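Below is one structure, written out as C-alpha cells, with a few remarks after it.
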Amino acid sequence: MAALAPTTPWIKGAKADYRVCGVTTLKVDMQTERLIIANAVMAVVCLVLGGIAALLIALTRWQAIHLLDATWFYRLLTLHGVDMLVAWIVFFEMAGLHFGSTALLNARHAAPKLAWSGFILMAVGGLMANFVILFDPKSIVTFTAYVPLKAHPLFYLSYILFAVGALITVITFFINLVVAKREKRFEGSLPLAVFGLMTAAILAVYTLLEGAAAIVPAFFWSLGILPDYDPGIYRNFFWGFGHPAQQVNLAAMVAIWYMLAQMTVGIRPLNEKFSRLAFILYLFFINLGSAHHLLVDPGLSFAWKAVNTSYAMYLAVLGSMMHAFSIPAAMEVAQRAKGHTKGLFGWSRNDRGTNPASALLSCP
Ligand SMILES: [Cu+2]
11 MAALAPTTPW
21 IKGAKADYRV
31 CGVTTLKVDM
41 QTERLIIANA
51 VMAVVCLVLG
61 GIAALLIALT
71 RWQAIHLLDA
81 TWFYRLLTLH
91 GVDMLVAWIV
101 FFEMAGLHFG
111 STALLNARHA
121 APKLAWSGFI
131 LMAVGGLMAN
141 FVILFDPKSI
151 VTFTAYVPLK
161 AHPLFYLSYI
171 LFAVGALITV
181 ITFFINLVVA
191 KREKRFEGSL
201 PLAVFGLMTA
211 AILAVYTLLE
221 GAAAIVPAFF
231 WSLGILPDYD
241 PGIYRNFFWG
251 FGHPAQQVNL
261 AAMVAIWYML
271 AQMTVGIRPL
281 NEKFSRLAFI
291 LYLFFINLGS
301 AHHLLVDPGL
311 SFAWKAVNTS
321 YAMYLAVLGS
331 MMHAFSIPAA
341 MEVAQRAKGH
351 TKGLFGWSRN
361 DRGTNPASAL
371 LSCP
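Residue numbers (our numbering): 11 to 374.
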C-alpha cells in the first residue's frame, strides 16, 4: 500500500475525486465511499428489521404474553431468516468488497455505474421480500421455503433480483482488481486482506449461482409454468446457497481481522502463505460442508453424507483453525517484541482496552 507519487494522476482522464482518510491514511475514492455507505446502511436497516422480527417471535412464543398467533410466528420467522441470513450479511459483504478492491489497493472504483445498478437491484429485491412476506398470507414459508411449500411468485422474484444485484456487485469487485493491477496500483500478489476478500467474492459467485439453481425453477413452479419441482433437488441446491451465504461472510470477516491487525498495530501474520492456504481451504471445502444441513434427508446416501459432512467439512474447519492460530500468534509475537512478556499470557492482557488490536483477541 505504498503511497503514489504526487505527480501520478490518480484517476486517468478524470478529475480526481477522493479524500484521504485521517485515521487510516488510505485514499478513498468518493464514488466508492458513497457505495460503501449505501450498502452498509442497507445492511444495518435489514439487521434492525430482522432484530425486530426476532423480538416479536420471542413475544409470540412467550406463553404469558402470546402477542401474536401462529401465522405470525411463521411470518416473522420467514422475515427474520431472509433479513438476517441473507440481506444483512450480503449487503455488508458488498460494502467490504467495494472497500477492499479500491481503498486497500490505493485504487479507484472502475465500474461505479454497474455497482450502483447492482445496489439498486439488491435494495429493491430486499425490500420487496419484506413486503411480500408481511402482506401475502401464502408467503410464510420460512427462510428455507422448502418445496412443496409454495410462496407467491414475487417472493421468489425478490430473491432473484437481490441475487442478480449481488452478482453484479461481485463482478465489479473483480473488474476493480483487474483495473488496479493494470494501472499498477499494487505490485506482486494481492495484499492478504484483499486476497481474503477475493476468496469471499469467489464463494459469493457460486453461492449465488446455486441460489439461482434453487430459486429460479421455484419461481416458474409458483407461476404454474413448471408443473412439478422435485423437493430433493430443491433442498440440495438451496443449501448450496444457504450454507455458503454465511461462509462468504466468514471469509470476509477473517480478511477484515487481518486488515485491522495490520492497520491498528502494524501486525503482519508470521507466515502469509499459511494464511492464504487457509483461505484456499475455504474456497474448496466450505460449499461441500453445506451437506450438513441435509444429514437427515432421506433422499441422499450415507456415503454422500459421510464424505461431505466429515472429510470435506473438516478441511473447511481446518482453514478456520489456521486463522484462529495465525492471528493471535502474530499478535503475541508483536506484543512480546514490545516487551509485554509477563507470564504465559501477559502479552494478551497487557493493554487490553487501550490497544484497539486487543479487541481482535476476543473474536476467534
Ligand atoms: Cu451451514
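No residue lacks a Cβ here, since even glycine has one placed at the ideal position from N, Cα and C.
Treat the numbers as computed from the prediction; the structure is a model and nothing was measured.
Express the C-alpha separation of residue j and residue i in angstroms, rounding to a whole number.
i: residue 222; j: residue 172; result: 11 Å
i: residue 64; j: residue 259; result: 21 Å
i: residue 117; j: residue 330; result: 29 Å
i: residue 154; j: residue 298; result: 18 Å
i: residue 292; j: residue 283; result: 14 Å
i: residue 162; j: residue 35; result: 49 Å
i: residue 31; j: residue 290; result: 31 Å
i: residue 242; j: residue 90; result: 24 Å
i: residue 249; j: residue 303; result: 7 Å
i: residue 300; j: residue 350; result: 42 Å
i: residue 245; j: residue 308; result: 11 Å
i: residue 136; j: residue 169; result: 7 Å
i: residue 421; j: residue 357; result: Residue 421 is absent from the model: the chain starts at 11 and stops at 374.
i: residue 295; j: residue 192; result: 31 Å
i: residue 148; j: residue 321; result: 40 Å
i: residue 314; j: residue 71; result: 37 Å
i: residue 67; j: residue 88; result: 10 Å
Please state whether DSSP places residue i in a helix, a strand or coil.
i: residue 157; result: coil
i: residue 189; result: helix
i: residue 346; result: helix
i: residue 93; result: helix
i: residue 123; result: helix
i: residue 321; result: helix
i: residue 100; result: helix
i: residue 30; result: strand
i: residue 4; result: Nothing can be reported for residue 4, as the shown portion of the chain is limited to 11 through 374.
i: residue 151; result: coil
i: residue 352; result: coil
i: residue 306; result: coil
List the whole-angstrom C-beta distance separating residue i from residue j, where the pair is believed to meet the contact cut-off of C-beta under 8 Å.
i: residue 215; j: residue 177; result: 7 Å
i: residue 43; j: residue 262; result: Between residue 262 and residue 43 the Cβ distance is about 19 Å, and since that is not below 8 Å, they are no contact.
i: residue 45; j: residue 207; result: Not confirmed; about 15 Å, so no contact.
i: residue 203; j: residue 110; result: 7 Å
i: residue 287; j: residue 339; result: With 8 Å as the limit, residue 287 and residue 339 do not qualify as a contact, their Cβ atoms being about 15 Å apart.
Quick one: does residue i have its CB under 8 Å from some CB of chain D?
i: residue 291; result: Absent from the structure is chain D; it holds one protein chain and no more.
Given 8 Å, three or more beta-carbon pairs between the stretch 93 to 113 and the stretch 46 to 64: Contact between the stretch 93 to 113 and the stretch 46 to 64 is present, because at least three Cβ pairs lie under 8 Å.
Would the stretch 112 to 131 and the stretch 36 to 51 be scored as touching if the rule is three or more Cβ pairs under 8 Å? yes
Should the stretch 270 to 281 be regarded as contacting the stretch 232 to 246, the criterion being three or more beta carbon pairs within less than 8 Å? no
Taking one C-beta from the stretch 191 to 209 and one from the stretch 121 to 128 each time, how about it: are there three or more such pairs within less than 8 Å? no
At least 3 beta-carbon pairs within less than 8 Å: the stretch 125 to 133 vs the stretch 174 to 188: The way I'd put it, the stretch 125 to 133 does touch the stretch 174 to 188; three or more beta-carbon pairs between them come closer than 8 Å.
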